[in-house]
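**Q** Let me begin by handing over the structure; questions about it come next.
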Amino acid sequence: MALFEEEMDTSPMVSSLLSSLANYSNLPTGSKEHEEAENNEEGARPSKKPVKAPQLGTLMGVYLPCIQNIFGVILFLRMTWMVGIGGVLGSFVIVFMCCSTTMLTAISMSAIATNGVVPAGGSYYMISRSLGPEFGGAVGICFYLGTTFAGAMYILGCIEILLIYIVPQAAIFKIEGLEGQEAEAALLNNMRVYGTIVLSFMALVVFVGVKYVNKLALVFLACVILSIMAVYGGVIKTAIDPPVFPVCLLGNRTLISKGYDVCAKVIEIDNETVTTKLWMSFCDSENLNATCDEYFTNNNVKEIQGIPGVTSGILAENLFGNYLEKGMFLEKRGVASEADPDSPATGSNRYVLADITSFFTLLVGIYFPSVTGIMAGSNRSGDLRDAQKSIPIGTIAAITTTSIVYMSSVVLFGACIEGVVLRDKFGEGVNGNLVIGTLAWPSPWVIVFGSFFSTCGAGLQSLTGAPRLLQAISRDGIIPFLRVFGHGKANGEPTWALLLTASICEIGIIIASLDAVAPILSMFFLMCYMFVNLACALQTLLRTPNWRPRFKFYHWALSFLGMSLCLSLMFICSWYYAIVAMGIATCIYKYIEFCGAEKEWGDGIRGISLSAARFALMRLEEGPPHTKNWRPQILVLVSVDTEQNVEQPRLLSLANQLKAGKGLTIVGTSVQGTFLDNYTEAQRADQSLRKLMETEKVKGFSQVVISSNLRDGTSHLIQVGGLGGLKHNTVLVSWPRNWKQPEYHQQFRNFIEVVRETTVASLALLVPKNISSYPSNGERFTEGYIDVWWIVHDGGMLMLLPFLLRQHKVWRKCKMRIFTVAQMDDNSIQMKKDLITFLYHLRIDAAVEVVEMVDNDISAYTYEKTLIMEQRSQILKQMHLTKNEMEREIQSITDSSRGSIRRKNPSALCSHHSTDEGASVAEQPEDESVAVSNPKEVQLIYSKNTSTPTSPTSPTAPAGGATTWTDNKGADKGKTLLAANPEAGKDLFNMKPEWENLSQVDVRRMHTAMRLNEVITKKSKEAKLVLLNMPGPPKNRVGNENYMEFLEVLTEGLNRVLLVRGGGREVITIYS
83 MALFEEEMDT SPMVSSLLSS LANYSNLPTG SKEHEEAENN EEGARPSKKP
133 VKAPQLGTLM GVYLPCIQNI FGVILFLRMT WMVGIGGVLG SFVIVFMCCS
183 TTMLTAISMS AIATNGVVPA GGSYYMISRS LGPEFGGAVG ICFYLGTTFA
233 GAMYILGCIE ILLIYIVPQA AIFKIEGLEG QEAEAALLNN MRVYGTIVLS
283 FMALVVFVGV KYVNKLALVF LACVILSIMA VYGGVIKTAI DPPVFPVCLL
333 GNRTLISKGY DVCAKVIEID NETVTTKLWM SFCDSENLNA TCDEYFTNNN
383 VKEIQGIPGV TSGILAENLF GNYLEKGMFL EKRGVASEAD PDSPATGSNR
433 YVLADITSFF TLLVGIYFPS VTGIMAGSNR SGDLRDAQKS IPIGTIAAIT
483 TTSIVYMSSV VLFGACIEGV VLRDKFGEGV NGNLVIGTLA WPSPWVIVFG
533 SFFSTCGAGL QSLTGAPRLL QAISRDGIIP FLRVFGHGKA NGEPTWALLL
583 TASICEIGII IASLDAVAPI LSMFFLMCYM FVNLACALQT LLRTPNWRPR
633 FKFYHWALSF LGMSLCLSLM FICSWYYAIV AMGIATCIYK YIEFCGAEKE
683 WGDGIRGISL SAARFALMRL EEGPPHTKNW RPQILVLVSV DTEQNVEQPR
733 LLSLANQLKA GKGLTIVGTS VQGTFLDNYT EAQRADQSLR KLMETEKVKG
783 FSQVVISSNL RDGTSHLIQV GGLGGLKHNT VLVSWPRNWK QPEYHQQFRN
833 FIEVVRETTV ASLALLVPKN ISSYPSNGER FTEGYIDVWW IVHDGGMLML
883 LPFLLRQHKV WRKCKMRIFT VAQMDDNSIQ MKKDLITFLY HLRIDAAVEV
933 VEMVDNDISA YTYEKTLIME QRSQILKQMH LTKNEMEREI QSITDSSRGS
983 IRRKNPSALC SHHSTDEGAS VAEQPEDESV AVSNPKEVQL IYSKNTSTPT
1033 SPTSPTAPAG GATTWTDNKG ADKGKTLLAA NPEAGKDLFN MKPEWENLSQ
1083 VDVRRMHTAM RLNEVITKKS KEAKLVLLNM PGPPKNRVGN ENYMEFLEVL
1133 TEGLNRVLLV RGGGREVITI YS
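In terms of this note's numbering, the sequence shown is residues 83 to 1154.
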């Protein structure tokens, strides 16, 4: 292995890797991250007891827990009522729909559970690792709330069995003698009081020790199985010997059994007709001639068999639904009844009445909790010997078993029990017996006690599981305010989470109605199942390389069908509960997204983001965006110091303020060196950029390139920034500071190259001058102006940028002014009208002013300024020559200057705006080349190549007005600048100035720059920001220094200037 010696430190040998994997064991307290976090937080702790290897198989670990959780309170308390109300067909549809949903969800869950090791944490772990922390947290909380409300539902079911069927005498609020709303209120109050007591007791049991709950689990499970067997036994017995459960009807209305002793109006005793207790209920006296209720008088009393048996043919009568309004009588179909529809119903407390208004969707909401509990096996994944094998087999087998039981129960109940008895929710017509109990064999008490203990057990299981789920979510750290619930007792029991669970459970107890609580938990479970299906479908469709489940019997179409069923059932159950549940999940999702801890779990949502991004980028490749969709996609070019810190942080502030367009932002910089030697510096620079972007709230990307020189690095950024169609269309670069100083000469040359490259690439260019004086994102301008000087049309950039800036809170209070320059032959009044109309169509609010500039003689100071500019250019050139070359160059300049002296009156000179701005002095007529009669003690440097053509967009508007600067001022400036390098210019101060050798193009440009600067300074001195067209760069590199001088003169005396150069396309339109 000598070949791989150098890699041993970072890459382990295969043998050591395999041994570490073989020793892996599922951690009972959560995923490995939780264990590491605990160790980090708690430091050195006493050595823990060795964790026993999990030993549970498929039967004990998955199948039986699922059976216990699925069979529950609804089967015993509401199943018969559902069949009576919805009919056998309607109920079968409901059961089939719900069971199909859970089966499809189990298939998706099996695929996820077998795609790698599933630590303890079950469904929450699977969803969060498949769909990411946002969805994981939202669904985890929904699943937690569902489990908590399930605990409340089981406790309410337990109390209902206790108070109605076992010991009705224990009621604190007596129901005897009460009618309607009063009786209902008394029942609910009893549920609240006893529910709170039972909840407190159960929470105490869970707090003292979960091991007792787990030991009792098998006992409770035995009760469930025994009860179901008793029902099937009873069905078989009805075929042989139907039990005697008479039901008394008055006409076709069912009577309450405790309201009569004999199902007859009168009876014969010793040949004497005697009235019964039933007579007394409807008449005002015992006498046969007493005044009785009209309906009682007109209809006969008859007794029917409550359980006619499976062979009786009652199934045909129970086939279709019989939905009731609240307070309606329970009537038997096909029995004659004489009732006056106009007469008010009297003695309603003697009949069995519907306690709630029923409809199909209500039945779905009430029934669905009876198929939940399919996650019980996956929640115990940490205790399974082979979770990947046991979870699919155990869960699917449990759902198959329970589905068969439920579907057969629907048919058998409809075939054995009379319809009025099925619709009798609390068994009031059958001596207060539990309706399903009347069918049981050998005794109704088997079902009563079996269902009581099973609901108790299910309630304890919910109060045990929910806090652990909350603890797992808290320990993941994705929801910051829940972190306190991650702590517990020394042995890891979630004390705080149990307290919160009990408090939420109490809300369900206060609601007190089983029928009202069931749809609430249906919502949360359905949402959880929906996201399990979504996770499986996404992973399958995205074809993630890591998606390799051992369970092969899944398909994305099945997952989508399951997801659609879940969503449909949510709105079928209760559309308003569905909206509330989705609102809760959305709020949690957004909270985690904005405030939660950053987690990278390789989730499917990240995968779908990549796929969506790829699709969108491919669409962008189809062509350039329409003008209406144009927005500045900014490449911000910044420089970093030796410590890799950004030198111009305010550039990012400006970029953020421009981002009302919500476009792309790339912040780029270059590091000098080679990739191998300077990679760590580049990483440090990238971190610095990211940190600054976060501080300035710039949403975008950072990019650092390493190049042999900074010039090439910047060029590479401009060329390769972005991806596909998502590329920058605007470059933001700061004005080079101190560019006149010799040590910074390379900086401004790089800057001019950026200007040239953006021009060639048809990119817009933004150059803020005095960037340090620009406002930060925290500042606010309460008033002021943003002034736009629109000299040449650049595609509308000058109009768009102030609009975007004013969307930001920094510039919101500033008003916009647009200035444009009128030349001699322009109609300034008409220009103003046209500009106002143009801005109106653009929907931009701005004040408009047209500035008239007339031709004027070029002042002596303009020539002086141009002369100083060319002298500096020559000095900078000399700095790159050797000593001998320098002496020869100076001599040649001196000779050529002395041989071409001509002097004429400077007042005869006027500005000629030739269409060919590239003409040199040699091409000018002799009478246009003149000199001054007032020589200065400054050495003339004559540039051999004075031709400096410009791009067509250079502003050439004539300027007018008298200058206030003196010749001496210009001379002083010239001397100062020449003194920058006395060595290079020591022999150059002995000659006299000659203005006629200056380039007339440069003179005219300097004249334009000075006149424009004077007008701009006069109008916009107090403006918060001045936006100005940026002249194009010289095509050859000889005029670089002159170009910088022109821009310097143009912007002199202004605090904040943003030089703007368009990208050659329209960026703003008047059309909608």
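Built from N, CA and C at the ideal position, the CB exists for glycine as well.
Can you say whether residue 922 is buried or exposed, counting buried as having 16 or more other CB atoms within 10 angstroms of its CB?
**A** Residue burial annotation: residue 922 is exposed, with fewer than 16 other C-beta atoms found within 10 angstroms of its C-beta.
**Q** Report yes or no: do three or more beta-carbon pairs, one from the segment 1107-1122 and one from the segment 806-821, lie closer than 8 Å?
**A** Output reads no: the segment 806-821 does not touch the segment 1107-1122.
**Q** Could you round the C-beta distance between residue 483 and residue 149 to whole angstroms and report it? I think they count as a contact, below 8 Å.
**A** 7 Å
**Q** Just mark residue 691 as buried or exposed, buried being the case when its beta carbon has 16 or more other beta carbons within 10 Å.
**A** With a threshold of 16 other beta carbon atoms within 10 Å, residue 691 falls short and is exposed.
**Q** Where residue 263 and residue 438 are concerned, what is the direct C-alpha to C-alpha distance, given to the nearest angstrom?
**A** 11 Å
**Q** Please report the straight-line C-alpha distance between residue 592 and residue 266, rounded to a whole angstrom.
**A** 14 Å
**Q** Could you give the uninterrupted runs of the beta strand (DSSP E) lying entirely in the segment 266-336, keeping only those of 3 residues or more?
**A** Listed in chain order, they are 328-332.
**Q** Since I believe residue 855 is in contact with residue 733 (beta carbons under 8 Å), could you give me their beta-carbon distance rounded to a whole number of angstroms?
**A** About 13 Å; that fails the 8 Å criterion.
**Q** Could you please give the first and the last residue of the uninterrupted beta strand (DSSP E) stretch that includes residue 869?
**A** 867-872
**Q** Which residues bound the alpha helix (DSSP H) around residue 489?
**A** 469-498
**Q** Quick one: what does DSSP say residue 1016 is sitting in, helix, strand or coil?
**A** Only weak support is given to the placement of residue 1016: the predicted model assigns it a pLDDT of 36, under 50, and the value that follows is read from those uncertain coordinates. Residue state, collapsed to three classes: coil.
**Q** When we look at the beta-carbon of residue 321 and count the other beta-carbons within 10 Å, is it buried (16 or more) or exposed?
**A** exposed
**Q** Can you grab the Cα-Cα spacing for the pair residue 827 / residue 814, in whole Å?
**A** 21 Å
**Q** With distance defined between alpha-carbon atoms, name the residue in 800, 553, 780 and 198 nearest to residue 845.
**A** 800
**Q** In terms of DSSP beta bridges, what is residue 784 paired with?
**A** 749
**Q** Taking only three categories from DSSP, how would you classify residue 1123?
**A** Helix at residue 1123.
**Q** With distances taken from CA atoms, which of 760, 820, 751 and 818 is nearest residue 792?
**A** The shortest Cα separation from residue 792 among 760, 820, 751 and 818 belongs to 751.
**Q** Kindly give me the distance between the Cβ atoms of residue 863 and residue 895, rounded to whole angstroms, as I take these residues to be in contact under 8 Å.
**A** 6 Å
**Q** According to DSSP, what are the bridge partners of residue 846?
**A** 812
**Q** Just to confirm, are residue 405 and residue 441 a CB contact at a threshold of 8 Å?
**A** yes
**Q** Helix, strand or coil for residue 892, going by three-state DSSP, please let me know.
**A** coil
**Q** Distance, Cα to Cα, residue 1090 vs residue 1097?
**A** Going from the Cα of residue 1090 to the Cα of residue 1097 covers about 11 Å.
**Q** I'd like the list of long-range same chain contacts for residue 594, defined as Cβ closer than 6 Å, with 5 residues on each side in sequence excluded.
**A** 270, 273 and 274
**Q** Can you give me the Cβ contacts of residue 632 inside the same chain, cut-off strictly under 7 Å, excluding the 5 residues immediately before and after it?
**A** The answer, listed in chain order, is 196 and 470.
**Q** Would you identify the three-state DSSP class for residue 504, choosing helix, strand or coil?
**A** helix
**Q** Going by other Cβ atoms of all chains shown within 10 Å of its Cβ, with 16 needed for buried, is residue 294 buried or exposed?
**A** exposed
**Q** How many Å lie between residue 454 and residue 706 at the Cα?
**A** In this structure, the alpha-carbon of residue 454 lies about 53 Å from that of residue 706.
**Q** With distances taken between CB atoms, is the gap from residue 766 to residue 726 smaller than 8 Å?
**A** yes
**Q** Going by other Cβ atoms of all chains shown within 10 Å of its Cβ, with 16 needed for buried, is residue 769 buried or exposed?
**A** exposed
**Q** Using DSSP with H/G/I as helix, E/B as strand and the rest coil, what is residue 1141?
**A** Correct three-state label for residue 1141: strand.
**Q** Going by Cα to Cα distance, which pick from 312, 553 and 505 is closest to residue 528?
**A** 312
**Q** What residue does the beta strand (DSSP E) around residue 351 start on, and which one ends it?
**A** 348-351
**Q** Span of the alpha helix (DSSP H) holding residue 164?
**A** Start and end: 161-195.
**Q** Could you check whether residue 868 and residue 1122 sit closer than 8 Å to each other, using their CB atoms as the reference points?
**A** no
**Q** Quick one: is residue 518 buried, meaning 16 or more other Cβ sit within 10 Å of its Cβ, or exposed?
**A** Flag for residue 518 reads buried.
**Q** Helix, strand or coil, according to DSSP, for residue 763 in the structure here?
**A** Residue 763 falls in the helix class under three-state DSSP.
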